[in-house]
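S.K.: Structure in structure tokens, see below.
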């Protein structure tokens with residue numbers, strides 16, 4: 662196992678490796694004259710997503726990638742958003758499209774996002790992307806589950822291992838289940854209604870926690886060989902904390918990812934890895 | 662719990678209930694003058710699927726449902742199959758389309774099936790149907806996982822229960838995982854690479870076995886409270902046997918479904934339940 666110090670995964674090293682891969686790829690594509698372009702669309706100015714919206718634009722610029730960032734008004738009609746997305750879908754200089762969520766209540770996110778062709782769907786949010794993922798076909802997948810897979814790969818989690826996921830959403834738990842199966846792991850998908858959650862987690866080889874509750878996962882959920890991947894990002898008294906109780910777990914589990922600086926820190930990079938893959942998909946399909 | 666005698670689920674009663682529901686529904690629709698129509702397409706005459714092809718036609722006729730059954734030649738070109746499927750897709754008297762699998766090796770089943778609109782996809786086989794299922798949207802789902810859910814519903818398996826699935830295919834394990842999550846169960850998806858499969862099954866509340874191996878699931882996989890749903894259909898010395906060792910399990914588990922006469926016996930009915938749902942979807946979308 663590489664990059665593990667005293668039971669904490671060195672996510673900096675993972676991030677650096679992904680970043681280096683992206684830069685190397687961009688350099689090659691740049692020389693051949695076909696750098697990818699990205700489009701980021703938001704409707705309204707949701708304050709919680711403002712930070713992420715700006716961070717993506719900043720990072721794209723750092724990579725030297727062309728960005729079309731569009732902010733539509735809070736009261737934009739469905740037709741207007743659909744037209745914007747269709748225009749970007751037909752724009753051959755745009756290789757990846759992100760529609761920021763949430764959208765204002767009068768709009769249907771799923772209907773809007775489904776107008777993006779799967780080859781440009783770098784959030785892996787369309788029905789076709791999800792169906793292709795389920796079928797095991799080459800496709801783009803949401804960044805968070807891909808980031809979790811990077812961590813499991815980094816620590817070389819053994820094939821066949823039992824992996825508990827505490828999350829059943831369409832952005833984390835469900836796509837992660839498919840990725841785990843494709844990688845020959847054995848996923849168990851847990852949620853608020855799961856009976857004996859502690860016991861299930863304790864008997865698992867790895868636990869991916871995205872419960873949305875600060876320091877939810879305590880010592881009673883783990884064993885001495887547990888691998889804990891913390892997807893949570895919670896604000897507690899002005900500090901960012903994860904869904905795992907890092908301080909009480911780090912000495913007793915085999916491995917744990919920190920928050921901040923763990924899964925979340927590489928998720929924003931994965932978007933650009935997806936952008937490169939999107940460009941390849943557009944050459945194939 | 663209804664319809665359980667000495668630990669064996671009375672699948673006849675489940676089948677009768679589903680059949681009665683379908684007949685009642687057809688009667689109402691018949692009176693209003695809009696009975697659904699079904700189209701069944703096969704390419705070549707795969708002997709293993711000949712029986713199922715004919716059985717579906719026979720059953721449709723029993724229900725008084727209009728059937729368009731098409732057999733294309735073994736060497737049919739892709740274009741020819743696509744044209745046939747498109748014609749049926751555009752035919753307003755056809756509400757459900759089945760493309761029999763397997764198709765001959767020179768054809769791409771997935772590409773062909775994806776031309777069927779999700780509203781007519783009564784096998785739940787298209788990428789859009791799968792994506793909609795994953796997203797929790799109203800959609801058509803493959804018959805086998807739906808049949809399993811009928812059994813779990815019949816025995817009133819408690820919400821949150823741990824359900825082991827021994828199968829990770831796109832026709833059974835993966836869609837069943839999504840159905841189980843939507844119904845608040847906790848699925849664990851097992852396969853040939855799973856470590857400690859026996860222990861995982863023994864600790865589960867229910868086991869759905871579709872391992873494709875006759876009498877694979879023996880007493881070492883169960884506990885006295887296990888619910889066993891057997892999806893297997895194997896031919897052994899001229900007899901049909903399941904993937905569970907029925908004789909050695911029926912006395913020690915809480916409930917078990919028989920083979921033949923269990924899940925398989927209602928799967929062919931579910932196709933017609935799907936056809937009714939397909940007709941409703943076509944009114945909505």
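Chains as they are written, first to last, in my numbering: chain A, 662 to 946; chain B, 662 to 946. Every residue, glycine too, gets a C-beta built ideally from N, C-alpha and C.
Cα separation between residue 880(B) and residue 913(B)?
M.R.: Distance between the alpha carbons of residue 880(B) and residue 913(B): 8 Å.
S.K.: Between the segment 874-896 of chain B and chain A, which residues of the former have a C-beta closer than 8 Å to a C-beta of the latter?
M.R.: Hits within the stretch: zero.
S.K.: DSSP three-state label for residue 809(B), please.
M.R.: Residue 809(B) falls in the helix class under three-state DSSP.
S.K.: From 680(A), 816(A) and 779(A), pick the residue whose C-alpha is nearest to that of residue 927(A); which is it?
M.R.: The shortest Cα separation from residue 927(A) among 680(A), 816(A) and 779(A) belongs to 680(A).
S.K.: Mapping DSSP to helix, strand and coil, what is residue 816(A)?
M.R.: Coil.
S.K.: Span of the alpha helix (DSSP H) holding residue 905(B)?
M.R.: First-last for residue 905(B): undefined, no H or E at that position.
S.K.: Relative to the alpha-carbon of residue 872(A), which residue among 739(A), 940(A) and 850(A) has its alpha-carbon at the smallest distance?
M.R.: Comparing Cα-Cα distances from residue 872(A) to each of 739(A), 940(A) and 850(A), the minimum goes to 850(A).
S.K.: So, for residue 878(B): in the same chain, excluding its five sequence neighbours on each side, which residues have a beta-carbon less than 8 Å away from its beta-carbon?
M.R.: 827, 862, 868, 870, 872, 889, 891, 904, 905, 906 and 910, listed in sequence order.
S.K.: For a test of the three-state rule: what should DSSP assign to residue 662(B), helix, strand or coil?
M.R.: In this prediction, residue 662(B) scores a pLDDT of 47, lower than 50, which makes its location untrustworthy; no coordinate-derived value is stated.
S.K.: Among residues of its own chain, excluding the 5 on either side of residue 696(B), which ones have a beta-carbon nearer than 6 Å to its beta-carbon?
M.R.: Cβ within range, chain order: 690.
S.K.: Using only the alpha-carbon positions, how far apart do residue 902(B) and residue 920(B) sit?
M.R.: Near 6 Å, if we compare the C-alpha coordinates of residue 920(B) and residue 902(B).
S.K.: For residue 748(A), which option in 735(A), 794(A), 844(A) and 701(A) has the closest C-alpha, if you only look at C-alpha atoms?
M.R.: Answer by Cα proximity: 701(A).
S.K.: Tell me which same chain residues have a C-beta within less than 8 Å of the C-beta of residue 959(B), skipping the five on either side of it?
M.R.: Chain B is shown only over 662 to 946; residue 959(B) falls outside these bounds and no answer can be derived.
S.K.: Three or more beta-carbon pairs under 8 Å between the segment 804-813 of chain A and the segment 670-685 of chain A, yes or no?
M.R.: Touching, yes.
S.K.: Pull the bridge partners of residue 895(B) from the DSSP assignment, please.
M.R.: According to DSSP, which records beta bridges pairwise, residue 895(B) is partnered with 902(B).
S.K.: Please confirm if residue 848(A) has its CB atom under 7 Å from at least one CB of chain B.
M.R.: Yes - at least one Cβ of chain B is within 7 Å of the one on residue 848(A).
S.K.: Measure the C-alpha to C-alpha separation of residue 772(A) and residue 943(B) and round it to an integer number of angstroms.
M.R.: Cα to Cα, the separation comes out at about 17 Å.
S.K.: Rounded to whole angstroms, what's the CA-CA distance from residue 746(B) to residue 916(A)? Just pull it up for me.
M.R.: The alpha-carbon atoms of residue 746(B) and residue 916(A) are separated by roughly 52 Å.
S.K.: Let me check understanding here. Comparing Cα to Cα, which of 724(B), 705(B) and 841(B) lies closest to residue 931(B)?
M.R.: Per the Cα distances, 724(B).
S.K.: I'd like to confirm something about residue 683(B): is its beta-carbon nearer than 6 Å to some heavy atom of the ligand MN, or not?
M.R.: Here there are no bound small molecules, and the ligand MN is not part of this structure.
S.K.: Kindly list, in the order they appear in chain B, the residues whose Cβ is closer than 7 Å to that of residue 793(A).
M.R.: In chain order: 788.
S.K.: Which of helix, strand or coil does DSSP assign to residue 848(A)?
M.R.: DSSP places residue 848(A) in strand when its eight states are reduced to three.
S.K.: For residue 831(B), decide whether its Cβ has a neighbour in chain A, counting only Cβ atoms nearer than 7 Å.
M.R.: Yes, residue 831(B) counts as interfacial toward chain A.
S.K.: From residue 758(A) to residue 936(A), what distance separates their C-alpha atoms?
M.R.: Rounded to whole angstroms, residue 758(A) to residue 936(A) spans 9 Å at the Cα level.
S.K.: Determine whether the beta carbon atoms of residue 876(A) and residue 852(A) lie at a separation below 7 Å.
M.R.: Taking 7 Å as the Cβ cut-off, residue 876(A) and residue 852(A) do not qualify as a contacting pair.
S.K.: Just verifying my parser: in three-state terms, what is the DSSP assignment at residue 867(A)?
M.R.: Note: residue 867(A) maps to strand in three-state DSSP.
S.K.: Below 8 Å CB to CB, which residues in the same chain sit around residue 750(A) once its five sequence neighbours on both sides are set aside?
M.R.: 758, 776, 777, 778 and 781, listed in sequence order.
S.K.: List the residues of chain B that residue 863(A) touches, going by C-beta distances under 8 Å, in chain order.
M.R.: Those within 8 Å of residue 863(A) in chain B number zero; the least Cβ separation is about 11 Å.
S.K.: Strictly under 7 Å for the Cβ-Cβ distance: is residue 796(A) near chain E by that measure?
M.R.: Note that chain E does not occur in the displayed structure, where the protein chains are A and B.
S.K.: Could you give the distance in angstroms between the alpha-carbon of residue 662(B) and the alpha-carbon of residue 673(B)?
M.R.: Because the pLDDT of residue 662(B) is 47, which lies under 50, any placement of that residue in the model is unreliable, and the number read from its coordinates should be weighed accordingly. Going by the C-alpha atoms only, they are around 16 Å apart.
S.K.: Run through the DSSP bridge pairs and tell me what residue 916(A) is partnered with.
M.R.: DSSP, once it has assigned bridges, lists 888(A) as partnering residue 916(A).
S.K.: Mind listing the chain A neighbours of residue 851(B)? Cutoff is C-beta to C-beta under 7 Å, in chain order.
M.R.: Ordered by position in chain A, the residues that pass the 7 Å Cβ test against residue 851(B) are 847.
S.K.: At what residues does the alpha helix (DSSP H) containing residue 831(B) begin and finish?
M.R.: Per DSSP, residue 831(B) belongs to no alpha helix (DSSP H) and is neither H nor E.
S.K.: Apply the 10 Å Cβ neighbour rule to residue 817(A) and answer buried if 16 or more other Cβ atoms are within range, or exposed otherwise.
M.R.: Residue 817(A) should be labelled exposed.
S.K.: Does residue 676(A) come out as helix, strand or coil in the three-state DSSP assignment?
M.R.: Residue 676(A) falls in the helix class under three-state DSSP.
S.K.: What do you get for residue 754(A), buried or exposed, if any count of 16 or more other CB atoms within 10 angstroms of its CB means buried?
M.R.: Exposed, since its Cβ has fewer than 16 Cβ neighbours within 10 Å.
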